[in-house]
Amino acid sequence: MKPALKVNSLQLKIIAMCSMLLDHAAVALPFFRLPENEALYLIMRGIGRLAFPLYAFLLALGAEKTKSLTAYLLRLIMMALISEIPFDLMNYQKPFAWEGQNVFFTLSLGLLAIYIYRAARERWGDKPLAYSGLFFLPAAAGAAHLLNFDYGTDGIILIFGLYLWRTEYKQDKAFPFYLAAVMLLLWHQNPLQWLAFLAVPLMYFYNGDPAPKSLKPLFYLFYPLHLLLLAVIR
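Position in the sequence shown counted from 1, then plus 695, gives you my numbering.
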């Protein structure tokens, strides 16, 4: 029996964008951190916990369906470079900061792990060597931690796990429980992270419909532009 609730890619992207905007506004603008606005601040940060799991899921979908994984990876790397100065300006009030790197670096490294894994699978099929690409995953997770990528090690694991489910374990009915267990890894980064579990039903009821290609530039550029806008307002 098919679920009555259905969510398409466009809706997922809009929800992710809005939740990310609320989260970053709460972080960037001192108004929301005033004692009298504590409840509003926590609500905005709580809603913001939906953003990264949804973007990780959308990345897994993109990796699954793209015609060129190489072109997809290059786009993410380009956006990571474009977004770094706005990210540093918003978070650290300076154009270059080593304290943290924007989430496009995390997404790029997660996609690189998928790229290497898929290349090994395509080369060796069902032979044992086909899984040699998995050895890159710990290296990617460690690099994300050492280089202070947003969401770090946990982000890489979540991205890769979602890709595996989409491509190799699509009929696994235990998906919500697996996803909940993986996202639990994110909890220690923020006590509000448990609210990321609210993203699980949105992913589970995804109906496979893609977002219009004409909107693709908007979804890419929204990230650096909203960071820059918040930095200017701050």
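All residues carry an ideal CB built from backbone N, CA and C; glycine is no exception.
Check: Which residue wins for smallest C-alpha separation from Leu-923, given the options Phe-752, Met-785 and Ile-710?; Outcome: Met-785
Check: Measure the beta-carbon distance from Ala-835 to Ala-808 and round it to whole angstroms, keeping in mind my assumption that it falls under 8 Å.; Outcome: 4 Å
Check: Let me make sure I understand the geometry here. Which of Tyr-901, Phe-892, Met-774 and Met-715 has the alpha-carbon closest to that of Leu-853?; Outcome: Phe-892
Check: Who are the near neighbours of Met-696 in its chain, counting only those whose CB is closer than 8 Å to its CB and skipping five residues on each side?; Outcome: Confidence in Met-696 is poor, its pLDDT being 46 and thus under 50, which makes the residue's placement too unreliable to answer from.
Check: Report all residues from its chain with a CB closer than 6 Å to the CB of Met-739; omit the five preceding and five following residues, and keep chain order.; Outcome: Leu-717 and Ala-721
Check: Can you give the Cα-Cα distance for Val-702 and Tyr-915, rounded to whole angstroms?; Outcome: 21 Å
Check: Mind checking who Val-702 pairs with in its DSSP beta bridge?; Outcome: Tyr-901
Check: My output table needs one value for Phe-844: the three-state DSSP class, helix, strand or coil.; Outcome: strand
Check: Checking 8 Å against the spacing of the C-beta atoms, do Leu-753 and Leu-897 come in under that value?; Outcome: no
Check: Please report the distance separating the alpha-carbon of Arg-929 from that of Leu-745.; Outcome: 24 Å
Check: Buried or exposed: Glu-817, going by 16 or more other Cβ atoms within 10 Å of its Cβ?; Outcome: exposed
Check: Excluding the 5 residues preceding and the 5 following Ala-825 in the sequence, name in chain order all residues of the same chain whose CB lies nearer than 8 Å to its CB.; Outcome: Ala-815, Arg-816, Arg-818 and Trp-819
Check: Using only the alpha-carbon positions, how far apart do Ser-778 and Pro-919 sit?; Outcome: 5 Å
Check: Whole-angstrom Cβ separation of Ala-926 and Ser-704, contact assumed at under 8 Å?; Outcome: Not a contact, Cβ separation roughly 29 Å.
Check: Output needed for Phe-844: all residues of its chain with C-beta closer than 6 Å, excluding positions within five of it in sequence on either side, in chain order.; Outcome: Gln-796, Phe-800 and Thr-801
Check: Cutting at 6 Å between CB atoms, please list the residues of its own chain near Ala-723, excluding the five before and the five after it.; Outcome: Met-785, Leu-925 and Arg-929
Check: Of all the alpha helix (DSSP H) runs that stay within the bounds of the segment 724-769, which reach a length of 4 or more residues?; Outcome: 733-743 and 746-760
Check: Could you compute how far the alpha carbon of Leu-913 sits from the alpha carbon of Ser-803?; Outcome: 18 Å
Check: Rounding to the nearest angstrom, what Cα-Cα distance links Glu-731 and Phe-791 in this structure?; Outcome: 32 Å
Check: Use the C-beta contact count for Gly-805: other C-beta atoms within 10 angstroms, 16 or more gives buried, fewer gives exposed.; Outcome: buried
Check: Are Ala-755 and Tyr-858 touching if we call contact CB-CB under 8 Å?; Outcome: yes
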